[in-house]
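Participant:
2 protein chains.
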Amino acid sequence: MTAASASQPRTRFRPPAVPQVDIGGFWGGRVDAVANSTADILYRRCVEAGMLEQIDPSHPSPGVKIPFHVSDSDEVSTVTTQMFWDSDFGKTIETAAYSLYRKPNPELEARIDEIVDMYARLQEPDGYLSSWYLRIQPGQRWTNLRDCHELYCAGHLIEGAVAYFQATGKRRLLDIMARYADNIATVFGPEEGKRKGYCGHEEIELALVKLARATGERKYMDLAKYFIDQRGQQPHYFDEEARARGVDPKDYHFKTYEYNQSHKPVREQDKVVGHAVRAMYLYSGMADIATEYDDDSLKAALERLWADLTSKRLYVTGGLGPSSDNEGFTADYDLPNETAYAETCAAVGLVFWSSRMLGMGPDARYADIMELALYNGSISGLSLDGSLFFYENPLESRGRHNRWKWHHCPCCPPNIGRMVASIGSYMYGVADDAIAVHLYGDNTARFEVAGRKVRLTQTSRYPWDGAVAIAVDADTPSRFTLHLRIPGWCRNAALSVNGEAVDLASVTRDGYAAITRDWTAGDQVRLDLEMTVERVRAHPEVRQDAGRVALMHGPLVYCLEEADNAVGLNRLQVPEQARFDCRFEPDLLGGVTTLSADVEADATADWDGALYRREPARTEAAPIKAIPYFAWDNRQPGEMLVWLRDC
Amino acid sequence: MTAASASQPRTRFRPPAVPQVDIGGFWGGRVDAVANSTADILYRRCVEAGMLEQIDPSHPSPGVKIPFHVSDSDEVSTVTTQMFWDSDFGKTIETAAYSLYRKPNPELEARIDEIVDMYARLQEPDGYLSSWYLRIQPGQRWTNLRDCHELYCAGHLIEGAVAYFQATGKRRLLDIMARYADNIATVFGPEEGKRKGYCGHEEIELALVKLARATGERKYMDLAKYFIDQRGQQPHYFDEEARARGVDPKDYHFKTYEYNQSHKPVREQDKVVGHAVRAMYLYSGMADIATEYDDDSLKAALERLWADLTSKRLYVTGGLGPSSDNEGFTADYDLPNETAYAETCAAVGLVFWSSRMLGMGPDARYADIMELALYNGSISGLSLDGSLFFYENPLESRGRHNRWKWHHCPCCPPNIGRMVASIGSYMYGVADDAIAVHLYGDNTARFEVAGRKVRLTQTSRYPWDGAVAIAVDADTPSRFTLHLRIPGWCRNAALSVNGEAVDLASVTRDGYAAITRDWTAGDQVRLDLEMTVERVRAHPEVRQDAGRVALMHGPLVYCLEEADNAVGLNRLQVPEQARFDCRFEPDLLGGVTTLSADVEADATADWDGALYRREPARTEAAPIKAIPYFAWDNRQPGEMLVWLRDC
């Protein structure tokens, strides 16, 4: 199916470009941390790692600086993280681009321009552009798509190019990457003589969609669709490719093609498997293609996968992928807390996927999960000051899981950086005659809807408070539909337009209130979302959470940290009747709402050196104070716990 | 202090030799499994691993068959498990020796004799005997005591030699090893010109005590004492030895000498640290020396270490050493269940240590822990049929932790084999005028006490029932004290001699009832130990066990297995009022008492695909059946849980 053949095209909601939304409030602070700190750090760390030498044609090839992986089971290692350095540059450029829009930084912009210049000089006459294969392993291009991230690197550079163009207006890198995409299209595709391959790490798909939207060139969309359609088809490309390299396809470190979601064609998939980031990037690309091509078979597969993820394998924080072995998914309901891998990149990937599910129309199921992952399991990966990072995001810690300056596989720092700095593009969806408001918080957004310029200004203390005022400003009266999300966490919501109450029940569909009218300058929308402390329980098959409760307030998941609580956190039990006091503490952790209560603690005083005894522990009163999960490990190291004992 | 200088020697209780005790009942079945299966398997696996080629001088040296360890942090690797092959032979010979006593096996005996012959031919004229250093790294003997297990291997061969002598009367290997011990004594000792070293893996100490007792040669005891006294002294031997090899002492894979308990002199140690098996073997040797030399400073250190272990770092199963990183100890109260390392060898080592603490006199504190480790965390490491092994002994499993045929570091199989096959020596302690009965169960034991031959015959269904009858048979009336342990798990005990009740309160000290009288043939002792189902709780600082309860019946810790229980085991909650039905099931797992009750389970039916919700789970009635922990994973793989949710 192509877009042209679709008889009844759906309304497509596309994200605004980052510069269309000026962010304040909660996310403004987070974006500032990235613009003031993370963006520079990313560049510096890339330089310190020696990455510039790899892409600079005026510098001799640095050779292999990061040794190839060695593990007990590998006969021959084909992978080093150095192969992905182009992707680190791509995400670093993307983060810098959004940050430059936020706050001019001529020094950083000059450095990015230098990188662009190096890539310009590195690019082959035919358009090909992988620094690894041009400089370290020349002659081996397109020989190992399964392991070596060649198209993945292209994808991240494309995303960086689009962002840098949108933020600065400079199109040199966009042109470079369009030429590389054209080169890729000469190599891969359904036509006779072209390779029937796709990347072992998905990313190129969603990047090509971005490139198509930014350039208006449908051919890039079609190439993205080809990569998605071809994935997992028989004969299996990775089998044939391995044989062409003279190795047995069975000598595969990860044993199963579930690892890279090529175990079967994507439309037949119904279980979220393998490497978590790969899965999220694939589903993101699938959602884009389902949106752009009105592809119902793809949409059906996505809905099955969504149901599988959200009913069996998602942490309450929006983190995902519990195992470090495959950096990914395991058995149903397997959600260990202390050993949770829950890679920052995976939660970022879930934001990507869920936001793209909204392309097919507003649906709070997707926006709720996007918001959950945004406010919890993803931004937990970035310190409040924007300088330190988590790779893993456990839900319980004895105090030894602490933020790192960098990681030997530095995928997460630039990923969380670019996500935060581009938060504006996740807040809204724009269709021909509609605007969807997915997220709330202080911001001003500019759109063109139904041919007219429209400005929305949100005023809110969200996520600390559920009161949201939205001022609509249109040059001339404009008829369009404003879709307003009613979050799933909210027990009671009230909506008014220009002071007139709207009956939510009658206008709400799929969790969005839809108001169609002629909007004029000065129109005022007011949404009140009741925000209460909620105790959340996990499905009984989640054995690690049995008999335990998590605390939420609005979209935020809370945790206890040793810094605020005197006793061992697993000694505490939260009684059903415990009353929580919500207080905004402006001087704590950059300003957060804390939840305090009096609970019970197992007493230790009468144990007299015993490690085991027959009598149950006595309990004693204990005060607790919970902070938002995203803000943990920003003070002295100590114990942390999300799932508290219920009593 | 030497034995000669001790003014008031204590009564010393020494273990009987294995052939002094004929075992029936529960342990008889376990010993039969070793004699019928394990002993042969151990020999075969050693052969399959190529170990014979290493010790057979008529065979060319096999060279390095198991590669040296490689890890990210090691600059230079100095260790391969192949270095320990002599220890595998030592323990295999020891297991075979006890098994041959149990049940003639001419084929196996001939194979062991061949091994002895190879060692005889391998031994250097000066007595030295390490197959690794003679055959694989000649010229490097005594250059790396810290890492290379040279004296450890000697110790295990000595233990094997003593056992083979006691069981078969053949003293060829005993003579070989005595000559090697004499050689070691020329190399190490306080005298000028001798090395001031000791082994990085303790074992030689307790082995030399056995050799001294078997040969009557005090010099071996003195050498054991030297190794213990010297450990951790400054200047540190391992520092000097590393420098002599031309390497920086700081380039030590395990970072701290706590790993091998040489961080300070042993009399100054008060915290159980480092590699668990190493620690247990050291403390075993210390206890032997404290017993033999009436060494109160050593005894004081042991009591501090004992208190530390039993109050902060012992699993309820008697397992120990929670971490795979150092195969050992971590932080106070850190006892994770699913990831418990709790190596079989460590629990075996605890049996060694606790049994040796009884050398200084009967004390149920030590015997209770010995019994706990014997019935639970150690024999869990051997399948019921004696053919499969656990290295780690977790207290919770999702069903993927299953028994192995062998292990790349095969220390555990022969260790559990020899422990089980020598169970008789742990049941009693013998002093000049006293017999201590540490363990109960069907057996007949022969002693010489106060110069007379005495035979004790126990009749009991222990551990399934607490009724114990002991018939005393002495050639002529003999005056001695019979010490009978009153287990700590027993709430009510009753004792009678020839039908006459004994007032336990007045005769019991340190948990042992002491009866001193002229014992004559036909005397009958009857001990009734009330055995009830007990709920055990862990100290509140053991965060993994918070809100949970373990079930015990007599000395046995119980667990739930998926095979007997329908629902996910963490969905279950045991109400305070649950009544347990104890039933002996002769056809289950070789005959075990099971504990059954009706409890509550969190219901899943009304979750409708939700992974999280606000309402607590409904509960529904569920029957459970628990089996003894030691018998788990002897059926189809499935979930297992020791610590059940309390409600």
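Quick note, the sequences are listed as chains W and S, same order.
Taking this note's numbering, the leading residue of the first sequence gets 238, the next gets one more, and so forth.
Taking this note's numbering, the leading residue of the second sequence gets 238, the next gets one more, and so forth.
Heads up, the beta-carbon is just placed ideally off N, CA and C, and yes, glycines get one too.
Quantities reported herein were computed from a predicted structural model and do not represent experimental measurements.
Is the separation between the beta-carbon of S:Y401 and that of S:A347 shorter than 8 Å?
Facilitator: No. Outside cutoff.
Participant: On a Cα-Cα basis, can you pick out the residue from S:I303, S:Y749, S:R780 and S:P486 that is closest to S:D574?
Facilitator: Checking the sequence, you will find Asn at residue 574 of chain S rather than Asp. Answer by Cα proximity: S:R780.
Participant: Buried or exposed: S:H306, going by 16 or more other Cβ atoms within 10 Å of its Cβ?
Facilitator: By the neighbour-count rule (16 or more Cβ atoms within 10 Å), S:H306 is not buried but exposed.
Participant: Is S:L551 close to chain W? Criterion is C-beta to C-beta, closer than 8 Å.
Facilitator: True, the Cβ-Cβ gap to chain W drops below 8 Å.
Participant: Determine which residues share a DSSP beta bridge with W:H512 and list them.
Facilitator: Beta-bridge pairing links W:H512 to W:G565.
Participant: For W:A863, count neighbouring C-beta atoms within 10 Å of its own C-beta (all shown protein chains included) and say buried if the count is 16 or more, exposed if not.
Facilitator: W:A863 comes out buried.
Participant: With a floor of 3 residues, list each beta strand (DSSP E) that falls wholly inside the stretch 593-680 of chain W, ordered by position along the chain.
Facilitator: Here the runs fully enclosed are 665-668 and 671-674.
Participant: Just to make sure I have the definition right: I need the residues of chain W whose C-beta is within less than 9 Å of the C-beta of S:E771. Which are they?
Facilitator: Residues of chain W passing the Cβ test: R851.
Participant: Tell me which residue opens and which closes the alpha helix (DSSP H) that S:Q291 is part of.
Facilitator: Taken as a continuous stretch (DSSP letters only), the alpha helix (DSSP H) holding S:Q291 covers M288 to I292.
Participant: Could you tell me whether the Cβ of S:Q548 comes closer than 8 Å to any Cβ of chain W?
Facilitator: It is worth fixing the name first, because residue 548 of chain S is Ser in this sequence and not Gln. Output row for S:S548: interface = yes.
Participant: Exposed or buried, what is W:G406 when buried is set at 16 or more other beta-carbons lying within 10 Å of its beta-carbon?
Facilitator: Flag for W:G406 reads exposed.
Participant: Any idea if W:R882 is buried or exposed, counting beta-carbon neighbours within 10 angstroms, 16 or more meaning buried?
Facilitator: So W:R882 ends up on the buried side.
Participant: Fully enclosed by the stretch 671-741 of chain S, which beta strand (DSSP E) runs are 3 residues long or longer?
Facilitator: Correct list: 671-674, 680-686, 689-697, 704-711, 715-722, 730-734 and 737-739.
Participant: Going by C-alpha distance, which of W:T554, W:T329, W:I373 and W:S624 is nearest W:V316?
Facilitator: Comparing Cα-Cα distances from W:V316 to each of W:T554, W:T329, W:I373 and W:S624, the minimum goes to W:I373.
Participant: Would the beta-carbon of S:A604 fall within 8 Å of that of S:H675?
Facilitator: Against a cut-off of 8 Å, the Cβ pair of S:H675 and S:A604 comes out as a contact.
Participant: Does the count of Cβ pairs from the stretch 645-654 of chain W and the stretch 663-674 of chain W closer than 8 Å reach three?
Facilitator: The stretch 645-654 of chain W is not in contact with the stretch 663-674 of chain W.
Participant: So, does the CB of S:L632 fall closer than 8 Å to a CB anywhere in chain W?
Facilitator: Output row for S:L632: interface = no.
Participant: Taking a contact to mean a Cβ-Cβ separation below 8 Å, would you say W:F589 touches W:L443 in this structure?
Facilitator: Yes, these two residues count as a Cβ contact at 8 Å.
Participant: CB S:V829 to CB S:E822, shorter than 8 Å?
Facilitator: Result yes, Cβ atoms of S:V829 and S:E822 sit closer than 8 Å.
Participant: Between S:E876 and S:G636, is the Cβ-Cβ spacing less than 8 Å?
Facilitator: Contact flag set, yes.
Participant: How long is the line joining the alpha carbons of S:T452 and S:D569, rounded to whole angstroms?
Facilitator: Cα to Cα, S:T452 sits roughly 42 Å from S:D569.
Participant: Between W:G971 and W:E495, what straight-line distance do the alpha-carbon atoms span, to the nearest angstrom?
Facilitator: In the structure as shown, chain W starts at 238 and stops at 884, and residue 971 of chain W therefore has no counterpart that could be examined.
Participant: Is it a yes or a no for the stretch 454-468 of chain W touching the stretch 415-425 of chain W, going by three-plus beta-carbon pairs under 8 Å?
Facilitator: Yes, the stretch 454-468 of chain W touches the stretch 415-425 of chain W.
Participant: Please list the partners that W:A544 has in chain S, where partner means a Cβ-to-Cβ separation under 8 Å.
Facilitator: Ordered by position in chain S, the residues that pass the 8 Å Cβ test against W:A544 are G846.
Participant: Just tell me which of S:E477, S:Y365 and S:H644 has its CA closest to the CA of S:E285.
Facilitator: Closest by alpha carbon: S:H644.
Participant: Secondary structure at S:Y489, three-state DSSP: helix, strand or coil?
Facilitator: Coil, per DSSP.
Participant: Just the C-alpha distance for W:D801 and W:I861, rounded to the nearest angstrom, thanks.
Facilitator: Approximately 7 Å between the Cα atoms of the pair.
Participant: Would you kindly report the start and end of the unbroken beta strand (DSSP E) that includes S:M768?
Facilitator: No beta strand (DSSP E) holds S:M768; DSSP gives it neither H nor E.
Participant: Please identify, using Cβ separations under 7 Å, the residues of the stretch 756-783 of chain W that lie next to chain S, in order along the chain.
Facilitator: Listed in sequence order: E771, R772, V773, R774, A775, H776, P777, E778, R780 and A783.
Participant: Classify S:Y578 as helix, strand or coil using the three-state DSSP reduction.
Facilitator: Looking at S:Y578 - three-state DSSP - the assignment turns out to be coil, as it is neither helix nor strand.
Participant: Identify whether S:C390 lies in helix, strand or coil by the three-state DSSP scheme.
Facilitator: It is helical.
Participant: On the criterion of 16 or more Cβ atoms from any shown chain inside 10 Å, does W:H393 qualify as buried, or is it exposed?
Facilitator: W:H393 should be labelled buried.
Participant: Which whole-angstrom value is the C-beta distance of W:Y356 and W:I292, which I expect to be below 8 Å?
Facilitator: Yes, they are in contact, since the Cβ atoms of W:Y356 and W:I292 sit about 6 Å apart, within 8 Å.
Participant: W:T841 CB to nearest chain S CB: under 8 Å?
Facilitator: Interface residue, yes.
Participant: Rounded to whole angstroms, what's the CA-CA distance from S:P256 to S:T694? Just pull it up for me.
Facilitator: In a straight line, the C-alpha of S:P256 is about 15 Å away from that of S:T694.
Participant: Is any beta-carbon of chain S found at less than 8 Å from that of W:A854?
Facilitator: For W:A854, the answer is yes, since a Cβ of chain S falls inside 8 Å of its Cβ.
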